[in-house]
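Residue numbers (my numbering): 1158 to 1755.
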């Protein structure tokens, strides 16, 4: 088998694997075009099916007829017309598959509305095709620098050892896997342009950079790749002296490519440039980027959830030694991309597995990763480490798909309590709300300190908020009644040691929730507060609707350390807080002291 065959076989195997994973996850009833994906996609039915790029009136019918899993936030009012909040780049990439779906629907008498099953299937095939295209061009670029075995290892590592896997199989339609493919093409084209200086390569580069900018405008930084590599390969003076006409052509082609987006903005908003994010309060803060959180936090840290890329980053030195002409463009691109990505106000990018915008950078990091494998090819340890990191990514990807790892809110405590688990334990989700947890909670006995349990005597007293609910007397907290009766317990020398050693308490509630209208923040909580000298010295709580079944009685609780400031005579308060539109019924609140078993 020749190296040319590798550029077809490897992409085919990888794309086939992604297609199979996506099929197992989403079929037989695919519902792929939802949430943000609908916002990127909506240009297609607007252009080809409904011919409505002004009011986007069909959007209301889509939301009435299909379960798009959200309200219609993807299209916003502008005062003149309506406009999608996202640019049209992804729609252009998917357009051939949409047109094919349209033809199939027309010929077969199927619903021709842009969202029926035939469109969903073709959308899935578009992701498969762009996966193949990306790895095909990445292989064509890398084969110049890596031998066959290393080429295979590098491409398979990126496919299976990074969060690219999620965005090419599970969360289809988000832009990141498509952007990765465009960057793979760009690296190949940049190499060809630097080597040959032919006009055709510069025009192809102009098209790819334009598509990148139409998918995500911040990808304008991609220009440093062909220009930077060309300067270092040819020399600065010869590059600009010989290719200034081609650079001018790149600029002209780029303007032509993005002109439809500019015209649509002008017609629908009255402005040539329109940023819907700004209107919603989202913006960049380039002077205070969240670099540490974005790279290393348990919430969404890129290198926590894709640790394989640490090998690629460490091998940038090898890139400097072996392929210096690529080192500076890659480094400058990476620095700009990381800075811009984590300067975004919502640096965690909503629900995601790790840092999803960093998927864009894997084409740039492919060569350093391959050089790492080349450098240590005779040292099995590095391949053992790489294998473990790939396995970790596969495990954590499975956990994310199975919702063992949630899309947001993960902290150190929850991460390690969930580490390695293959089944979802709803009781663990409470730890995303806690700053501290007690290792080995099962090794501690619960010694009762206090309890507040509602009884028949209260029910007979006639309080309208004391009711019988499914056989248990409880206090009712309907919408608007945020607090009920709290359990208050004073601290005395007899119930805590006060000897300088850290004490832990366990808070517990037996309750029932009716309704499912809550969101992540406007949600009922079981809380506790410690009071000393008239001040609250510590308060904490958990959002229990995340892990209790709606309409059924359940018990929830959490552990918490007693603040050092607490002394005899102070007190603790346990309560339910309900700011949500749900109704909460509380049968019992309890407080325990945790003592290690002998």
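Even for Gly, the Cβ is constructed at its ideal location relative to N, Cα and C.
Beta-carbon proximity check, residue i vs residue j, cutoff 9 Å
| i | j | result |
| --- | --- | --- |
| residue 1252 | residue 1291 | no |
| residue 1547 | residue 1317 | yes |
| residue 1714 | residue 1642 | no |
| residue 1758 | residue 1640 | Nothing about residue 1758 can be reported from this structure: the residues present for the chain run from 1158 to 1755 only. |
| residue 1557 | residue 1510 | yes |
| residue 1476 | residue 1487 | yes |
| residue 1501 | residue 1444 | no |
| residue 1489 | residue 1365 | no |
| residue 1433 | residue 1233 | yes |
| residue 1670 | residue 1582 | no |
| residue 1193 | residue 1243 | yes |
| residue 1648 | residue 1680 | no |
| residue 1553 | residue 1562 | yes |
| residue 1447 | residue 1499 | yes |
| residue 1302 | residue 1479 | yes |
| residue 1616 | residue 1623 | yes |
| residue 1749 | residue 1606 | yes |
| residue 1320 | residue 1621 | no |
| residue 1485 | residue 1385 | yes |
| residue 1450 | residue 1504 | yes |
| residue 1436 | residue 1285 | no |
| residue 1196 | residue 1373 | no |
| residue 1491 | residue 1524 | no |
| residue 1351 | residue 1395 | no |
| residue 1262 | residue 1198 | no |
| residue 1237 | residue 1419 | no |
| residue 1742 | residue 1644 | no |
| residue 1149 | residue 1264 | Because the chain is modelled from 1158 through 1755, residue 1149 falls outside the range shown and cannot be assessed. |
Contact belief for residue i with residue j at Cβ below 8 Å, rounded distance in angstroms
| i | j | result |
| --- | --- | --- |
| residue 1325 | residue 1466 | Wrong, their Cβ atoms sit about 16 Å apart, outside the cutoff. |
| residue 1378 | residue 1494 | 6 Å |
| residue 1746 | residue 1731 | 5 Å |
| residue 1371 | residue 1406 | Contact flag wrong, Cβ pair sits at about 19 Å. |
| residue 1663 | residue 1592 | Not really, about 16 Å apart at Cβ, beyond 8 Å. |
| residue 1631 | residue 1744 | 4 Å |
| residue 1601 | residue 1315 | Incorrect: roughly 45 Å between the Cβ atoms, too far for contact. |
| residue 1235 | residue 1426 | 4 Å |
| residue 1293 | residue 1429 | Going by Cβ atoms, the distance from residue 1293 to residue 1429 rounds to 36 Å, so no, they are not a contact pair. |
| residue 1368 | residue 1404 | Not really, about 18 Å apart at Cβ, beyond 8 Å. |
| residue 1550 | residue 1455 | No, residue 1550 and residue 1455 are not in contact; Cβ-Cβ is about 16 Å, not under 8 Å. |
| residue 1363 | residue 1288 | Not a contact, Cβ separation roughly 24 Å. |
| residue 1458 | residue 1400 | Not a contact, Cβ separation roughly 40 Å. |
| residue 1672 | residue 1683 | Actually they are not in contact, since the Cβ atoms of residue 1672 and residue 1683 sit about 17 Å apart, beyond 8 Å. |
| residue 1689 | residue 1724 | 7 Å |
Those residues which DSSP pairs with residue i across a bridge
| i | result |
| --- | --- |
| residue 1728 | 1647 and 1688 |
| residue 1633 | 1742 |
| residue 1240 | 1233 |
| residue 1597 | Paired residues: none, contrary to the question. |
| residue 1583 | DSSP lists no partner for residue 1583. |
| residue 1663 | 1716 and 1749 |
| residue 1669 | 1742 |
| residue 1699 | 1683 |
| residue 1711 | 1668 |
| residue 1167 | Note: residue 1167 sits in no beta bridge, so no partner. |
| residue 1605 | 1749 |
| residue 1733 | 1683 |
| residue 1610 | 1745 |
| residue 1394 | None; residue 1394 has no bridge partner. |
| residue 1365 | Residue 1365 pairs with nothing; no bridge assigned. |
| residue 1626 | 1629 |
| residue 1278 | Looking at the DSSP assignment, residue 1278 forms no beta bridge with any residue, so it has no partner. |
| residue 1723 | Note: residue 1723 sits in no beta bridge, so no partner. |
Closer than 8 Å: residue i CB and nearest the ligand PLP heavy atom
| i | result |
| --- | --- |
| residue 1268 | For the ligand PLP, the structure offers nothing, since it holds no ligand at all. |
Beta carbon proximity, residue i to chain C, threshold 9 Å
| i | result |
| --- | --- |
| residue 1314 | Included in the structure is just one protein chain, with no chain C present. |
Kindly confirm or deny that the region 1212–1222 and the region 1248–1256 touch, where touching means at least three C-beta pairs closer than 8 Å. no
Does the region 1277–1296 come close enough to the region 1328–1343 that 3 or more CB-CB pairs lie under 8 Å? yes
Quick check: the region 1524–1534 against the region 1456–1471, are at least 3 beta-carbon pairs closer than 8 Å? yes
Between the region 1180–1187 and the region 1203–1219, do at least 3 Cβ pairs fall closer than 8 Å? no
Three or more beta-carbon pairs under 8 Å between the region 1302–1319 and the region 1264–1273, yes or no? no
List in chain order: all unbroken alpha helix (DSSP H) runs of 4+ residues lying wholly within the region 1183–1228. 1192–1198 and 1215–1222
Of all the alpha helix (DSSP H) runs that stay within the bounds of the region 1280–1351, which reach a length of 4 or more residues? 1305–1318 and 1321–1326
Segments assigned alpha helix (DSSP H), at least 4 residues, entirely inside the region 1452–1506: 1459–1462, 1466–1471, 1473–1479 and 1481–1498
Would you list, in sequence order, the uninterrupted alpha helix (DSSP H) runs of no fewer than 4 residues that lie entirely inside the region 1501–1580? 1519–1532, 1537–1558 and 1569–1575
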